[in-house]
Every structure is written in C-alpha cells, then in structure tokens.
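Letter by letter, the sequence shown follows residues 603 to 821 of the numbering used here.
We put the CB at the ideal spot given by N, CA and C, even for glycine.
This structure is a prediction, so every number in the text was calculated from the model and none was measured.
To start, the structure under review is shown below, and the notes come after it.
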Amino acid sequence: DLPKQNIQHWEETLQIATKLPIQHLSLYNLTIEKQTVFFKNRQRIKSLLASPEESASMFTSAMRILGEAGLCQYEISAFAREGKESLHNTGYWLGRPFLGFGPSAFSYWDRKRFSNHASIHRYAECLERGLVAVDFEEKLEDAAHLSEHFIIQLRMMQGVDKSRFESQFSKLSPEFLEILKNLTLEGFLESEQTSWKLSRKGILFYDHVATELVDIEGI
C-alpha cells in the first residue's frame with residue numbers, strides 16, 4: 603500500500619515491474635504492528651490506504667497482469683518465473699523445521715516454535731553467561747499442530763496433497779472434513795481427487811478460510 607494509491611497507479615506500477623529483469627515478486631498489504639511509528643499514527647495512515655474492496659481489486663489485477671507477464675502465482679502472495687520459486691519460504695509453508703540465529707530470530711524445531719530475545723544486549727548477555735537466549739517457546743497440542751500445518755500448506759497454489767498430508771501427520775477427523783466440505787460448497791475451496799486447493803474466491807478470502815479451520819477442536 604502507498605498513500606492515496608488507486609488501481610490505476612497500481613496497475614502502472616505492475617506494468618513497470620514486469621519490464622524489469624526480476625524473477626520473483628511478493629505482494630503483501632501493509633500490516634500496522636504495535637510499538638511502531640505506524641501504530642502511533644494509525645488513524646491518519648488508515649485514511650490514506652485503500653479500502654478492503656479496493657485492495658481486493660488491486661490483488662485481482664495483480665494476478666492477471668503478473669500471470670500474463672510469465673510470473674506465476676505459486677503461493678497466495680508470491681509470484682515467480684518458472685523454476686525461480688523461493689525454496690526458503692516454501693520450506694515454511696510446507697512445515698520444514700528450521701533454526702534461526704541472532705536477536706529476535708524465530709525457529710521451528712521438534713514441533714516447538716521459539717524465538718530469541720529481541721534486545722541485542724540481553725541476547726549477548728545470555729550468551730556470555732552460557733544461558734539459552736530464548737525468550738518465547740511454544741509447543742502446540744496435536745490438533746492445533748496439525749490444523750496449523752494444513753492451513754499454512756493451503757497457502758500454496760498446489761494445495762494440500764491428501765495422502766501426503768495424512769501420511770506425514772494423521773488422518774483428518776470427520777469434524778475437519780465436514781468444515782472442508784462446507785468451505786468447498788461455499789466456493790472457497792476446490793476438492794480434487796488428490797488435493798484440496800483454494801479457489802479464486804478462497805485466495806481473496808484466505809483469512810476467512812483459516813479462521814474456519816483453526817478453531818476446530820479435533821483434526
């Protein structure tokens with residue numbers, strides 16, 4: 603998002619971008635986080651940003667323009683030329699374990715996620731004293747763990763491979779399958795023989811899909 607940006611300006615920006623020698627583009631709306639200058643000025647900033655309807659139109663035009671230029675959408679927010687998909691980010695979406703080093707670094711290992719101290723002084727102090735520099739740690743219960751991985755994998759345009767997911771984790775519960783069925787009937791998902799995928803509508807309303815799935819007690 604840029605202040606007072608409209609769809610005409612946005613499409614002109616996309617046309618310029620597609621003429622550059624780039625291999626990959628990631629598109630995200632501005633998220634205003636607490637304890638930032640943006641947050642302190644959020645009321646003034648929000649009045650300058652596109653409405654949800656305008657943002658949806660901009661994203662739809664981006665999918666069309668970038669696709670025509672050979673930048674294929676392989677994840678909700680990621681577009682790349684053939685063979686240039688981000689291996690780093692794809693690992694996150696497919697649930698690959700990873701370790702982060704340094705202040706504020708985030709890790710996911712042995713079904714636990716944890717982050718280091720944000721303060722470089724606190725981080726250095728822990729290392730000097732031979733202490734673990736982890737500031738936050740969380741291990742999800744089985745149902746939440748599986749649900750989260752399903753939701754994240756659903757961000758990929760290839761969708762969630764049914765047999766691969768169940769062999770990696772476990773069989774999906776009847777309750778979870780019922781929600782998937784309802785989301786399919788509502789047009790948010792496409793259920794194929796081997797996978798579940800977001801529909802065109804589901805791509806635009808992924809947050810709704812994720813909310814429907816994340817609150818299920820059993821998977």
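Counterpart residues of residue i in DSSP-defined beta bridges
i    : result
Q675 : F681
D763 : S797
E792 : K799
F700 : Y710
H626 : A682
M758 : E677
Coarse secondary structure for residue i, derived from DSSP in three states
i    : result
K606 : coil
N631 : coil
H784 : In the sequence on display, residue 784 carries Asn and not His. Here N784 sits in helix by DSSP.
G820 : Model confidence at G820 stands at a pLDDT of 46, short of 50, so the residue's coordinates are unreliable; what they give is reported in the following sentence. Looking at G820 - three-state DSSP - the assignment turns out to be coil, as it is neither helix nor strand.
R713 : coil
Q637 : coil
A652 : coil
K621 : coil
L779 : helix
N691 : helix
F771 : coil
F661 : helix
Nearest-angstrom Cβ-Cβ length linking residue i and residue j, presumed shorter than 8 Å
i    : j    : result
A682 : Q617 : With a Cβ gap of about 18 Å, A682 and Q617 do not count as contacting.
S772 : T796 : S772 to T796, Cβ: 18 Å. No contact.
F716 : E684 : F716 to E684, Cβ: 36 Å. No contact.
L629 : A664 : 6 Å
M660 : I609 : 6 Å
T620 : L673 : 7 Å
E613 : I647 : Going by Cβ atoms, the distance from E613 to I647 rounds to 23 Å, so no, they are not a contact pair.
Cβ-Cβ distance between residue i and residue j below 9 Å
i    : j    : result
L800 : V816 : no
N718 : G702 : yes
Q607 : Y676 : no
E670 : A680 : no
S762 : W798 : Here residue 762 is Val; the residue named in the question, Ser, does not match the sequence. Yes, they are a contact pair.
S706 : A720 : yes
I634 : Y694 : no
L791 : L782 : yes
E750 : L742 : yes
P699 : L650 : no
F641 : L632 : no
T786 : S793 : yes
L756 : A658 : no
**OP:** Let me know the beta strand (DSSP E) ranges lying completely inside the stretch 704-752, each 3 residues or longer, listed in chain order.
**Re:** 708-711, 714-718, 736-741
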